[in-house]
Amino acid sequence: MKSVKYDVPEGEEWKAAILLIHGTAPIYYDGTIPGCSADYQLGTTPIYDMLTYELNQRSFCTVRYLREGVYKNQVNWEEYIKVDHYQIVNQIEKIVKEMPKNKPKILFAFSGGSIHVSQLDLSKIDGVVIVGGLCTNRFHNAALNVRNKGEWKRFQEEIERFRLLSEEEIDKINKPNGDGPLKRFWQETMLKDNWVYFQKYVDLPILILHGSNDSEVHRSQASMWKALLPLHNIKYVEVDGGDHFLNTPEESGASIISRELDVWSVENNLI
């Protein structure tokens, strides 16, 4: 498939194929956000290159891809404005179908990618890994940062007005909004809380990784999974001092993720 990149470990049989699903932002193969300001360090760090290297060292094959309109040095917003929630999910579905059938399939979802992985048919997936992801939804996560009851109330009213817009109305005002088209976030207001979509996959191995210093997704998003799905096969690891991608002063998030993923895959007989 065009724009899909496989990285296979050299010189040895590999254990499983891991699809690296994007977060909310438009990223290149390496995990950087084209044109990102140096002020946002995570956006200029090749996190998916680093993660691919670490996983290849542990004999995992990785699968990477590009969204429409994303290029090495820029995001073409005339193209990327079309990348809504459903286009993202459809693209991932097609990639998953073409992944090797003779090896375990693991889906890795970073940040807002957790909203997309839950929309897939996971019945033939061997495991899901969520890093810095959402258990409820991005609007609830944002609300957790308000400072008082008045702000909470105003924020909820704003989201409700946004949700009640018709598709015709949202199309008229659709524009780049932070990391994506405004319409994509409007579509997400129609979704159930993210954990709800996992209810039917009670035996699916799920690894939840979250940094204690994550400033983008509230740590409670990670701790809620086991409380809401107590009978599910969920392992939760909080990384002390970890940022949104689990980077700590002592170790890269890529190194931590690959190690935890390797241990978890053995614990669940995935490899």
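If you read the sequence shown in the working numbering, its first letter stands for residue 3, the second for the next number, and so on.
C-beta atoms are modelled at their ideal positions from N, C-alpha and C, and glycine is treated no differently.
Here the structure is a predicted model, which means the values were calculated and not measured.
Range covered by the beta strand (DSSP E) that runs through glycine 115: No beta strand (DSSP E) contains glycine 115, which is instead part of the alpha helix (DSSP H) from 115-119.
Per-residue DSSP class, three states only, for aspartate 51: Aspartate 51 falls in the helix class under three-state DSSP.
State the DSSP-derived secondary structure class of asparagine 176, mapped to helix, strand or coil. DSSP places asparagine 176 in coil when its eight states are reduced to three.
From Pro232, Leu230, His234, Ser254, pick the residue whose C-alpha is nearest to that of valine 241; which is it? It is Ser254.
Determine the contact status of isoleucine 273 and lysine 17, defining contact as a CB-CB distance below 7 Å. Yes.
In whole angstroms, give me the CA-to-CA distance for arginine 232 and valine 72. Position check: residue 232 holds proline in this sequence, whereas arginine was assumed. Answer to the nearest angstrom: the Cα atoms are 39 Å apart.
Candidates Pro251, Leu22, Leu263, of which the one nearest histidine 118 by Cα: Histidine 118 has its Cα closest to that of Leu22, out of Pro251, Leu22, Leu263.
Pop quiz: cysteine 137 and leucine 230 are said to be a contact at Cβ under 8 Å. What is the actual Cβ separation, rounded to whole angstroms? Indeed they touch by this definition, with Cβ atoms about 7 Å apart.
Simplified DSSP state of histidine 246, which is helix, strand or coil: DSSP places histidine 246 outside both helix and strand once states are collapsed to three, so it counts as coil.
Express the C-alpha separation of glycine 33 and asparagine 196 in angstroms, rounding to a whole number. Whole-angstrom Cα-Cα distance: 24 Å.
Give the range of the alpha helix (DSSP H) segment to which glycine 152 is assigned. Counting along the chain, the alpha helix (DSSP H) containing glycine 152 begins and ends at 151-165.
Within its chain, find whatever has a CB closer than 6 Å to the CB of lysine 177; leave out the 5 residues flanking it on each side and keep chain order. So the qualifying residues of the chain are Leu184.
Could you give the distance in angstroms between the alpha-carbon of glutamine 59 and the alpha-carbon of leucine 53? Our two residues, glutamine 59 and leucine 53, have alpha carbons roughly 10 Å apart in a direct line.
Could you tell me which of Val265, Leu167, Glu218 sits nearest to glycine 25, measuring between CA atoms? Ranking Val265, Leu167, Glu218 by CA distance to the CA of glycine 25 puts Glu218 first.
If you draw a straight line from the C-alpha of glutamate 70 to the C-alpha of isoleucine 83, how long is it? Take the alpha-carbon of glutamate 70 and the one of isoleucine 83: they are about 9 Å apart.
Expressed to the nearest angstrom, what Euclidean distance is found between the alpha-carbon atoms of glutamate 262 and asparagine 249? Cα-Cα distance, rounded: 13 Å.
Would valine 64 pass as a contact of aspartate 128 if the rule is Cβ separation under 7 Å? Contrary to the premise, residue 64 reads as threonine rather than valine in this sequence. Contact flag unset, no.
Is the CB-CB distance between alanine 111 and isoleucine 132 below 7 Å? Yes; because the gap between Cβ atoms is below 7 Å, this pair is in contact.
Between isoleucine 108 and isoleucine 20, is the Cβ-Cβ spacing less than 7 Å? Closer than 7 Å, so yes.
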